[in-house]
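Enquirer:
In the UniProt record's numbering, the protein residues as written are 1 to 233.
In structure tokens form, the structure reads like this:
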């Protein structure tokens, strides 16, 4: 490998897409690669914990996703990353499980509790909410920079319809919350320091989703993965 090629690879952020049985995630892998990341699909601790960024995808029922995450010890690994200030991006149900709880068919399941709120059925005449929709991006959003007025692709029947986050410290910056609407207002995205998430699928959202993923990838700080002494002349 040439020195220039090695330096280029080192400068690209590494991203692990959590592989825990959540359907087809190849589109997310490809979208992240196009956004400039070196992507690994894995649930191995050495990949999950050391990558510059972790993406937690999710499709299906809240309770099933939580069970699958527990099966690969993902709750502990996600918690370690967040505690250490290492970026995590949840997508669709991968966002929902970050809240306190989810209620589906009258059964309440415990979530990760990173944010307050309960995932509930959207009060709309037509569910699932499937297709393109606009969002009301939070002021100062990093994720939505340059795509504040664009449409994104949603596929879901459940969402979080309230936000009651308590700021415990005067200097603490509250999370940025982006909203959308289908029957009622619901949370479309949250940006909370290293922990971000979207209810929509950025990997299926065309140019707007590609820009959003690029914004996130560019916010990552690549780790030093090689030194000049290991680079071939």
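Glycine residues also receive a C-beta, built at the ideal position from the N, C-alpha and C atoms.
Which whole runs of the beta strand (DSSP E) in the region 136-199 are 3 residues long or more, in chain order?
Expert: Given a length threshold of 3 residues, each whole run of the beta strand (DSSP E) inside the region 136-199 is given here in chain order: 151-156, 158-160, 176-181, 185-192 and 195-198.
Enquirer: Should residue 96 go down as buried or exposed, given a rule of 16 or more other Cβ atoms within 10 Å for buried?
Expert: Locating residue 96 in the chain shown gives position 96, where the first residue counts as 1. With 16 or more other Cβ atoms within 10 Å, it is buried.
Enquirer: Which whole-angstrom value is the C-beta distance of residue 135 and residue 188, which I expect to be below 8 angstroms?
Expert: As a position in the chain shown, residue 135 is number 135, starting the count at 1. As a position in the chain shown, residue 188 is number 188, starting the count at 1. The beta carbons of residue 135 and residue 188 sit about 5 angstroms from each other, so the pair counts as a contact at 8 angstroms.
Enquirer: According to the Cβ coordinates, are residue 57 and residue 78 closer than 7 angstroms?
Expert: Residue numbering aside, residue 57 sits at position 57 when the chain shown is read from its first letter. Residue numbering aside, residue 78 sits at position 78 when the chain shown is read from its first letter. Between residue 57 and residue 78, the CB-CB gap reaches or exceeds 7 angstroms.
Enquirer: Rounded to a whole number of angstroms, what is the C-alpha to C-alpha distance between residue 61 and residue 107?
Expert: Along the chain shown, read from residue 1 onward, the residue named residue 61 stands at position 61. Along the chain shown, read from residue 1 onward, the residue named residue 107 stands at position 107. Each residue's Cα considered, the two are about 11 angstroms apart.
Enquirer: If we count the other Cβ atoms within 10 Å of its Cβ and call it buried at 16 or more, is residue 71 buried or exposed?
Expert: Translated into positions along the chain shown, residue 71 becomes position 71. Exposed is the call here.
Enquirer: Which residues does DSSP list as the beta-bridge partners of residue 99?
Expert: Along the chain shown, read from residue 1 onward, the residue named residue 99 stands at position 99. For residue 99, which the question treats as bridged, DSSP gives the partners 115.
Enquirer: What's the gap between the Cα of residue 176 and the Cα of residue 74?
Expert: Position 176 of the chain shown, counting from 1, holds the residue named residue 176. Position 74 of the chain shown, counting from 1, holds the residue named residue 74. Each residue's alpha carbon lies about 25 angstroms from the other.
Enquirer: Using the C-alpha atoms, what's the distance from residue 193 back to residue 143?
Expert: Within the chain shown, the letter at position 143 stands for residue 143. Within the chain shown, the letter at position 193 stands for residue 193. Rounded to the nearest angstrom, the two C-alpha atoms are 12 angstroms apart.
Enquirer: For residue 108, which of helix, strand or coil comes out of DSSP?
Expert: For the purposes of this step, residue 108 is taken as the residue at position 108 of the chain shown. Annotated three-state conformation of residue 108 is strand, per DSSP.
Enquirer: Where does the unbroken alpha helix (DSSP H) through residue 206 begin, and where does it stop?
Expert: To locate residue 206, count along the chain shown from 1; it is residue 206. Run containing residue 206: 206-219, per the alpha helix (DSSP H) assignment.
Enquirer: Run through DSSP, which three-state label would residue 46 get?
Expert: Your numbering for residue 46 matches position 46 in the chain shown. In the structure shown, residue 46 sits in a helix (DSSP, three-state: H, G or I).
Enquirer: Please return the same chain residues whose Cβ sits closer than 7 angstroms to the Cβ of residue 140, not counting the five positions on each side in sequence.
Expert: Translated into the one-based positions of the chain shown, residue 140 becomes position 140. So the qualifying residues of the chain are 176.
Enquirer: Going by DSSP, name the residue or residues bridged to residue 38.
Expert: The sequence position of residue 38 within the chain shown is 38, counting from 1. BP columns for residue 38 point to 14.
Enquirer: Would you list the residues sitting across from residue 91 in a DSSP beta bridge?
Expert: The sequence position of residue 91 within the chain shown is 91, counting from 1. DSSP output for residue 91 lists 198 as bridge partner(s).
Enquirer: If I'm right that residue 183 touches residue 137 with Cβ under 8 angstroms, what's the distance once you round it to whole angstroms?
Expert: Residue 183 sits at position 183 when you count from the first residue of the chain shown. Residue 137 sits at position 137 when you count from the first residue of the chain shown. Actually they do not touch by this definition, with Cβ atoms about 20 angstroms apart.
Enquirer: Using only alpha-carbon positions, find the residue among 179, 149, 19 and 59 that is nearest to residue 162.
Expert: Working through the chain shown from its first residue, we reach residue 162 at position 162. When each option's Cα is compared against that of residue 162, the closest is 179.
Enquirer: Find the nearest neighbour of residue 13 within the set 86, 133, 126 and 173, judged by alpha-carbon distance.
Expert: Working through the chain shown from its first residue, we reach residue 13 at position 13. Residue 13 has its Cα closest to that of 86, out of 86, 133, 126 and 173.
Enquirer: Just tell me which of 35, 45, 47 and 206 has its CA closest to the CA of residue 151.
Expert: To locate residue 151, count along the chain shown from 1; it is residue 151. It is 206.
Enquirer: How is residue 133 classed by DSSP in three states: helix, strand or coil?
Expert: Position 133 of the chain shown, counted from the start, is the residue given in the question as residue 133. Strand.
Enquirer: Does the beta-carbon distance from residue 41 to residue 29 come in below 7 angstroms?
Expert: Looking up residue 41 in the chain shown gives position 41. Looking up residue 29 in the chain shown gives position 29. Yes, the pair counts as a contact, with Cβ atoms nearer than the cut-off.
Enquirer: I'd like to confirm the pairing. Which residues does DSSP put opposite residue 55 in its beta bridges?
Expert: Translated into positions along the chain shown, residue 55 becomes position 55. Answer is 17 and 89.
Enquirer: For residue 230, collect the residues of the same chain with a Cβ closer than 6 angstroms to its Cβ; drop the 5 residues on either side in sequence, then sort them by chain order.
Expert: The sequence position of residue 230 within the chain shown is 230, counting from 1. Reliability fails at residue 230, whose pLDDT of 28 lies under 50, so the model's placement of it is uncertain and no value is given.
Enquirer: From the DSSP output, which residues share a beta bridge with residue 120?
Expert: By 1-based counting over the chain shown, the position of residue 120 is 120. Answer is 159, bridged to residue 120.
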